[in-house]
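Chains as they are written, first to last, in my numbering: chain A, 176 to 426; chain B, 367 to 754.
Encoded as structure tokens, the structure appears first; notes follow it.
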């Protein structure tokens, strides 16, 4: 029997198949408008990836922002609990998790894969993947380019707007002032890092620190975060699936 | 699958009165107004009911908990202002704030007795005064100061004069003592109900208790008390099985119409057992000393209310820790209205104290809109999963 975890995230839907407590397959697809459809598509895809049929499927657990839309799941858990379990499995020494996802960012203190305390950003997109996505657009570059560009900046611009919409206008006025592209890129990353580190410090930092979520796949952000926290960060091989993995482990 | 509330949950018959109290109470006020009774509007616990009733007037609370009137209020007030202030003000200026004229009590009020608590309210009262005569009672901001009590007594004396002028009646000591006695009875009944909530299987949920407390300053004290007796009798024989983590709510008031966060907490499987709030313990915790000179006794009692507009406010932190122990609380949900600086800033010290005591805290800052419902659900789910 296998168990499946589905993380119905705001930007991407992730699915993990667990067979005898080992990851047999995983998939990451864009969520689009419909959480349920994305959940079903991820389920089909991940099953075909490990050449498994429906009959072998034991329990299915859903997590993530759209977890309640995954009608075929046996149970739901919050992504905070799921990430803790998933990270605890991959990095047993982890005590702090930083997650920057599409919809929100959070910092979680864990002990043996269990949540001890957590903080989450407020309702808006400030300090999330969406912030970078939008502001990168104002620079006419992709997210990956943003990270790479930032690394060569010697003089990061100061971006003071926390609000995604305001930051976008700020980027446009910086462009008008002929600020270098790489300096704006570095400024944007610095601003998101500032927001994250203030949450980390509020909660208290305890190594090892694991970084997950879509933003963890951006080397520029990882480097900036390591610098700001003055610590080596542990990255799972695939930082986007720890929520789905945690859900599968609970199934 | 979404909401985990127990399906065959028990039903409390005596709650119906509190849930459906609005039209009856409005008719009652209309009638007594015709008979010449003056109606006082209030927006805070620091205004003693006892004085208003000893003067032969009636009162209704004007605190707004609904989002509908906010739009109208924002023509006058900044968007970055606490929703309670905007909702209250909006209800007054927008006479047709709903199709059913659901706020007709605002049109019934002869005088508003307001209070100098937070900056937002104080400035709003300046505008409110243009619509309804408003008397603002000052409060000593450092209640532990040597002169604070004497100052507050003087403010109560002025309020007494204002009320006497409004009604044409004199407040006698005997009447005042009588009102104090009745109000204490109500407080004791609420204590008795909260005592039952300390049990392993509390007979009443937080969402239900909130409906009761939201009516405390809307209904007439006699009617409120009469129905508390019925509620207490019913609660004595009921109990709830399989309750989830025991939660305390601490923070801003939840005015009538505002039930968002407690509803999420209990639908997701938590059980609210106590509220350190203006719609909770702050409304009834301390009694008025019946053996003392009544004005002084009133001042002493009301000055003990641990509002975050006071400095220093260690009493509130002590109270939170005490309640957490007495009600065997598993975790605290710190509730603040957006832009409520007092409670928002005080959160830091409360969080520190709770951490030291080993009690988990979830902090939620929100307004009256439904926009953040899903985000709050995620936080609440994670918090309850952490406590289980």
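We put the beta carbon where it would ideally sit given N, CA and C, even for glycine.
If you drop the 5 nearest sequence neighbours on each side, which residues of the same chain put their C-beta closer than 6 angstroms to that of residue i?
i	result
residue 360(A)	321, 324 and 325
residue 448(B)	486, 703, 705 and 706
residue 521(B)	503 and 504
residue 655(B)	663
residue 518(B)	506, 665 and 669
residue 327(A)	357
Cα separation between residue i and residue j?
i	j	result
residue 264(A)	residue 414(A)	13 angstroms
residue 318(A)	residue 305(A)	10 angstroms
residue 314(A)	residue 203(A)	27 angstroms
residue 376(A)	residue 406(A)	13 angstroms
residue 409(A)	residue 241(A)	27 angstroms
residue 604(B)	residue 380(B)	12 angstroms
residue 423(B)	residue 416(B)	10 angstroms
residue 413(B)	residue 571(B)	28 angstroms
residue 227(A)	residue 365(A)	44 angstroms
residue 486(B)	residue 355(A)	43 angstroms
residue 676(B)	residue 484(B)	9 angstroms
residue 664(B)	residue 516(B)	12 angstroms
residue 749(B)	residue 256(A)	9 angstroms
residue 387(A)	residue 272(A)	7 angstroms
residue 292(A)	residue 285(A)	7 angstroms
residue 685(B)	residue 600(B)	28 angstroms
residue 757(B)	residue 561(B)	What the structure shows of chain B is the stretch from 367 to 754, and residue 757(B) is not part of that stretch, so it cannot be assessed.
residue 452(B)	residue 496(B)	16 angstroms
residue 225(A)	residue 261(A)	20 angstroms
residue 500(B)	residue 404(B)	14 angstroms
residue 615(B)	residue 628(B)	8 angstroms
residue 463(A)	residue 280(A)	Outside the displayed span of chain A (176 to 426) sits residue 463(A), for which this structure offers no information.
residue 330(B)	residue 598(B)	The shown model of chain B, from 367 to 754, leaves out residue 330(B), and the question about it has no answer.
residue 651(B)	residue 558(B)	11 angstroms
residue 362(A)	residue 294(A)	24 angstroms
residue 192(A)	residue 421(A)	11 angstroms
Count the other CB atoms within 10 Å of the CB of residue i; is the residue buried (16 or more) or exposed (fewer)?
i	result
residue 373(A)	exposed
residue 737(B)	exposed
residue 303(A)	buried
residue 396(B)	exposed
residue 491(B)	buried
residue 620(B)	buried
residue 389(B)	exposed
residue 444(B)	exposed
residue 682(B)	buried
residue 657(B)	exposed
residue 477(B)	buried
residue 379(A)	exposed
residue 580(B)	buried
residue 733(B)	buried
residue 267(A)	exposed
residue 425(B)	buried
residue 688(B)	exposed
residue 457(B)	buried
residue 690(B)	buried
residue 467(B)	Unreliable placement is indicated for residue 467(B), whose pLDDT of 46 sits below 50; the coordinate value is still reported in the next sentence. Exposed, because fewer than 16 other Cβ atoms sit within 10 Å of the Cβ of residue 467(B).
residue 219(A)	exposed
Among residues of its own chain, excluding the 5 on either side of residue i, which ones have a beta-carbon nearer than 8 angstroms to its beta-carbon?
i	result
residue 524(B)	503
residue 383(B)	593 and 596
residue 337(A)	301, 302, 366 and 370
Considering only residues of the same chain and omitting the five flanking positions on each side of residue i, which have a CB-CB separation below 7 angstroms?
i	result
residue 753(B)	611, 696, 697 and 726
residue 421(B)	529, 530, 533, 535 and 537
residue 713(B)	700, 702 and 729
residue 195(A)	none
residue 239(A)	182, 183, 184, 254 and 418
residue 287(A)	263
residue 412(A)	none
residue 751(B)	none
Below 8 angstroms between beta carbons is the criterion; list the residues of the segment 314-332 of chain A that meet it against any residue of chain B, in chain order. For the segment 314-332 of chain A, which is checked against every Cβ of chain B, not one residue is closer than 8 angstroms.
Would you call the segment 669-687 of chain B in contact with the segment 575-582 of chain B, where contact means no fewer than 3 C-beta pairs closer than 8 angstroms? These segments do not touch.
Are the segment 426-442 of chain B and the segment 620-634 of chain B touching, with three or more C-beta to C-beta distances below 8 angstroms? Pairwise C-beta distances place the segment 426-442 of chain B in contact with the segment 620-634 of chain B, as three or more of them are shorter than 8 angstroms.
Is it a yes or a no for the segment 538-557 of chain B touching the segment 415-426 of chain A, going by three-plus beta-carbon pairs under 8 angstroms? Contact between the segment 538-557 of chain B and the segment 415-426 of chain A is absent: fewer than 3 CB-CB pairs across the two stretches fall below 8 angstroms.
The segment 252-264 of chain A: positions lying closer than 8 angstroms to chain B by Cβ: Result list: 252, 253, 254, 255 and 256.
Members of the segment 226-244 of chain A that neighbour chain D once the beta carbon cut-off is set at 8 angstroms: Here chain D cannot be found, since the structure's protein chains are A and B.
In the segment 724-750 of chain B, which residues sit with their C-beta less than 9 angstroms from some C-beta in chain A, listed in chain order? Residues passing the 9 angstroms Cβ filter: 726, 727, 728, 729, 731, 732, 737, 738, 740, 741, 742, 743, 744, 745, 746, 747, 748, 749 and 750.
Given a limit of 9 angstroms on CB to CB distance, which residues of the segment 661-684 of chain B reach chain A? Residues passing the 9 angstroms Cβ filter: none.
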